[in-house]
Structures are given as C-alpha cells and as structure tokens.
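A quick write-up on the structure given underneath.
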Amino acid sequence: MFANRKKILFMTSALSAAVLAASACGNLRNDGQLRTNAVKPSVQSRSYIEKLPVTDPSGKTWVPLEAAANSLGYRVEEEPGGGGFAKIGYSDVMYRVRPGSASAFSLGEGCTLPDAPKQQNDKIYMTTEALAKLFNTEVSWNPGSGEISIDTPKEQTTKGQHTEVKSDKPFRIQSLSSSEIGELITYAKKYLGVPYEFGAAPYEESKTFDCSSFTRHVFEKFGVDLPRLARDQDNVGRSVSRQQLEPGDLIFFTVPGRFEKDSIPGHVGIYIGDGEFIHTWGDPGVQISKLDSGYWSNVILHMRRVL
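Here's what the structure looks like:
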C-alpha cells in the first residue's frame, strides 16, 4: 500500500549531523554538472533517526516538521529566535508555517491547518493531519513499527498550469530595447558570486539571494515587478519555446519526484544567450550554467517572456 511512500523511522537516538548536511545545496559545478560528491536533487526513500513522535491526551500524533520535510527532500529554515515562520522547500520556498498559527502557505496558496504547529525543545511539531493538509497528501502513523508514511505531495489546486497571479495591480509585459536587455544581463552578472540563501530576505537587507528573489531583484531594476516565488513567476508573461528563447527570458525547472506530477517549478533563472543562463544555487551562489548540457538540460519545465 505504501510502496511509493517516503518513510521516516523515528528512534530514540540523536540525528546525525552528517545526514542533515547531505541535503544541503552546493551540489553543482559552475558548468551545470553535478559535483562528484553531490546529492542528486530527486526524491529518495530515507530513514531518519529521531525522537519518538509525541501523542497528546486527545490521541493526536505530533511529528517533528524537519524530519518529515527532509524525508521528501525539502529543507527547513526557521527564522532566528524561534516563534517565527518556518520556510520549507527546495531552492525556493514552497511552504511556510508558524508555531501557534493555523494559517499556512502552501504552493502559492493560503491554507488553514486543522492543528496549529507547536514549538517544543527548539523543534516545530505538527500533527499528521496538519502535515497532510500542508503537503496535500496522505500521512499515516504506524505505532507498532514507529513509521510515519508520507505520500508524494500533490498540487494544491486544479487550476491550469498558467493562471493569473492575484495582485493589486495587473502584470504587463515590459517593452525593453535590445540594448536595455543587454544592460539587464550586465546588471545580473554584477551579482556573480553573491551567496545563495534559501528563503532570502530582500538583497538590500540580507546581501544574499535565492533563485526567485534574484530574478525579481534584477527585473525590478528595469521596471518589471515579478512575484516573489518561482511558482508565481511562472504564471506571468507568455510562453516561448527553446527555439524562440532570447536573452532576458525566464527559464523554469522542475524538481523531479518532489510532487506527484513534475509540473511545479522549483527553480528559475535568466537566459543570457549562447546557451547559458544565470541563476543562484548553492555554492558559489549566483553563477552561469549551460542550458543544453549537464543536469539542467534534463529538468527544463517552461520558458517565459516578460520583456
């Protein structure tokens, strides 16, 4: 029944730091090839050694969020100080929860969890029902084996792939001359080597980028107000083919196996011409990669024009 499910094995031993480190970014070389010691970004069944889930007096099972997210290949980043939002995703934030609040963010949509997450011993715990709601999938707990099984997440809505992004002002394609697009590419290259940070705050504050905050920052300079997340940026502009691709177009990539269908963008970059694109990813941060060879050539999802 759970043949395709990711399993988390909870035990009383402490979680090895090396296991967590294995899910870190920085697994691509500048030429777009995976590093020899890289963890390939696709879902794999994993076992995590953790403390036992907590069962409250009402019989609800509470699971450490980080272990559950790690089993699906996601990372979790908590705001400093505790009590703030926890950001969950791959190279871009896809989910967000906050201890004490039933309001959550799931793939570009707000959702209400059946149980608000709790903070305990510096960890965020969620009920299996809340995890199922957040990831839009099935989560089950087997008290006999100590396993929690999580199906591959599904998309949250049945909308078409490209739907209008809700905004206070309508998005329109900005008309730039070829020289201005050249300036945009030059401006993007100015940030080569700027560090990557998952869920990065605005550059002016953090001096870091994640994939979608980088594209947003670059385009904002030229009067294009892109949405914050890659999933939403994929909903603006118009679709173009590989043959039609021009400098300044956005390229969206899937993350194989993260969802039931590989139709949700998990990464975005800017095409700069000559078969190359600029993006930010792990180490060394903002970098230029090949589009038609190496890892990225196999995970292209969409290409869109917003200029």
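With mature numbering (1 follows the signal peptide of the UniProt record, and there is no 0) applied, the sequence shown covers -21 to -1, 1 to 286.
We treat Cβ as the ideally placed atom computed from N, Cα and C, and that holds for glycine.
- Within the same chain, and ignoring the five residues on either side of K102 in sequence, the residues whose Cβ sits closer than 8 Å to its Cβ are P43, L44, E45.
- Rounded to whole angstroms, the Cβ separation of R207 and S192 is 7 Å, and the two are in contact under 8 Å.
- Within the same chain, and ignoring the five residues on either side of L224 in sequence, the residues whose Cβ sits closer than 6 Å to its Cβ are Y250, M282.
- If the five residues before and after L92 are omitted, its C-beta is found closer than 6 Å to the C-beta atoms of A81, A83, A109, K112, all from its own chain and listed in chain order.
- In this model, S156 and F188 are separated by some 27 Å (Cα to Cα).
- The Cβ-Cβ distance between V215 and L205 falls below 9 Å.
- Looking from the CA of I127, the closest CA among P96, K168, A48 belongs to A48.
- For A65, no alpha helix (DSSP H) encloses it; the enclosing beta strand (DSSP E) starts and ends at 65 to 68.
- Nearest neighbour of G161 by Cα position, chosen from V197, S185, S268, turns out to be V197.
- Counting along the chain, no beta strand (DSSP E) covers V215, and no H or E run does either.
- Put simply, the backbone Cα of Q266 is about 43 Å away from that of T40.
- Taking C-beta atoms as the reference points, I164 and P263 fail to come closer than 9 Å.
- Contact check for F64 and R54: beta-carbon distance about 14 Å, past the 8 Å limit, so the pair fails to qualify.
- Our two residues, M105 and E255, have alpha carbons roughly 42 Å apart in a direct line.
- CA-to-CA, the gap between G79 and D271 works out to about 46 Å.
- Annotation note: the stretch 55 to 125 contains the following uninterrupted beta strand (DSSP E) runs of length 3 or greater, listed N- to C-terminal: 65 to 68, 72 to 77, 80 to 85, 88 to 91, 97 to 99, 102 to 106, 118 to 121.
- Annotation: the continuous beta strand (DSSP E) that includes I279 extends over 279 to 284.
- For S268, the enclosing beta strand (DSSP E) stretches over residues 264 to 269.
- Exposure of S124 is indicated by the presence of fewer than 16 other C-beta atoms within 10 angstroms of its C-beta.
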